[in-house]
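In UniProt numbering, the protein residues as written are 1 to 316.
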């Protein structure tokens, strides 16, 4: 029996990075329907990768320099990871028949699309596949709900953490929002990684909630996805959880800063998402909360949550 040809796609990054690449992955799937589409991404994302109809197989890849291709050279290797040079080097090492990538001066003989910093992350990868004359639908972000039950059906999910301090709204402000939502009769749960559990516990304590409201560090990715898919509302910063809300069509209030939402936010056409941004651009990897993010006051965030909850269509 003949082994089908493979399309290898490198995207060895995080949760939000994976979700913004879904339209490009679907474009590749449509263009190569008979080939095996293999996604090189972290093993920790497996539960989410299995929801993406475009992907046949996950090749566990922790990051740059970790790609280990086990089979015959792929028909096509696609660099959805970055601009290079490391990602280009990793893919060239698989000896692909063809490489689709942005161009980089370290590889003058490798053709590719010019990298731009001023495009939305979804658009960036759709533009790359379009460079190869494939058709991409930038709105094709939706994923089916995970098969498992939600740990807290119809709750308001508040996610106070973010990858870098610059993107973290102060915990005392999150606590004020949580307390007001709870007083209004909503069940609120707090999410985060195991490393963010103390942050979530602190927010809960300030808001007068017990430890049972803190799911941070107690959910795997499948459970977190089910939680977001079944939530009444998600409130968070510029994080992967916000991209989960976009993927599952769950209403959200997103606190952006210092990265503008035009680069990483939900589609403007998805009206169930309320994006708050003060207009200031700064360093997303900074060690202090961004000044623009701090301009977002508690009352503005609360008003946005009330509006989103009143406008939502109940699950079921």
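By construction, the Cβ of each residue, glycine as well, lies at the ideal position given by its N, Cα and C atoms.
First and last residue of the alpha helix (DSSP H) that includes residue i?
i: residue 23; result: 22-31
i: residue 231; result: Note, residue 231: premise wrong, no alpha helix (DSSP H); not H, not E.
i: residue 86; result: 86-92
i: residue 263; result: 261-264
i: residue 294; result: 291-294
i: residue 47; result: 46-49
Can you look up residue i in the DSSP assignment and give me helix, strand or coil?
i: residue 114; result: coil
i: residue 128; result: helix
i: residue 12; result: coil
i: residue 161; result: coil
i: residue 2; result: The predicted position of residue 2 is uncertain, since its pLDDT is 39 and thus under 50; a value taken from the coordinates is nonetheless stated next. Coil.
i: residue 107; result: coil
i: residue 312; result: coil
i: residue 252; result: strand
i: residue 57; result: strand
i: residue 190; result: strand
i: residue 209; result: coil
i: residue 77; result: strand
i: residue 237; result: strand
i: residue 215; result: coil
i: residue 122; result: helix
i: residue 156; result: strand
i: residue 301; result: helix
i: residue 100; result: strand
i: residue 7; result: strand
Can you grab the Cα-Cα spacing for the pair residue i / residue j, in whole Å?
i: residue 43; j: residue 309; result: 35 Å
i: residue 276; j: residue 304; result: 8 Å
i: residue 298; j: residue 38; result: 44 Å
i: residue 131; j: residue 65; result: 26 Å
i: residue 113; j: residue 162; result: 31 Å
i: residue 41; j: residue 7; result: 14 Å
i: residue 193; j: residue 15; result: 12 Å
i: residue 2; j: residue 33; result: Low local confidence applies: a pLDDT of 39 at residue 2 is under 50, so the model's placement there is unreliable, and no value is given.
i: residue 204; j: residue 167; result: 20 Å
i: residue 84; j: residue 245; result: 30 Å
i: residue 124; j: residue 253; result: 24 Å
i: residue 262; j: residue 139; result: 15 Å
i: residue 21; j: residue 201; result: 33 Å
i: residue 300; j: residue 284; result: 22 Å
i: residue 242; j: residue 70; result: 34 Å
i: residue 63; j: residue 270; result: 31 Å
i: residue 197; j: residue 35; result: 42 Å
i: residue 274; j: residue 121; result: 19 Å
i: residue 169; j: residue 288; result: 10 Å
i: residue 311; j: residue 231; result: 14 Å
i: residue 216; j: residue 278; result: 28 Å
Hey, residue i and residue j are a contact pair by Cβ (cut 8 Å); roughly how many whole angstroms apart?
i: residue 260; j: residue 281; result: 6 Å
i: residue 25; j: residue 54; result: 4 Å
i: residue 150; j: residue 31; result: Not confirmed; about 35 Å, so no contact.
i: residue 148; j: residue 50; result: Contact doesn't hold; Cβ gap of about 12 Å is too wide.
i: residue 180; j: residue 302; result: 5 Å
Would you give the residue range spanned by the beta strand (DSSP E) that residue i belongs to?
i: residue 172; result: Careful: residue 172 lies outside any beta strand (DSSP E), inside the alpha helix (DSSP H) at 171-183.
i: residue 39; result: 36-41
i: residue 277; result: 273-277
Problem - Three CB pairs or more closer than 8 Å across the stretch 183-194 and the stretch 202-216 - result: yes
Exercise for the section: Say whether the stretch 97-111 touches the stretch 70-82, bearing in mind that this needs 3 or more beta-carbon pairs closer than 8 Å, one atom from each stretch. Expected result: yes
Problem - Validate contact between the stretch 231-249 and the stretch 153-162 using beta carbons, cut 8 Å, 3 pairs - result: yes
Handout entry: Validate contact between the stretch 172-186 and the stretch 284-293 using beta carbons, cut 8 Å, 3 pairs
Key = no
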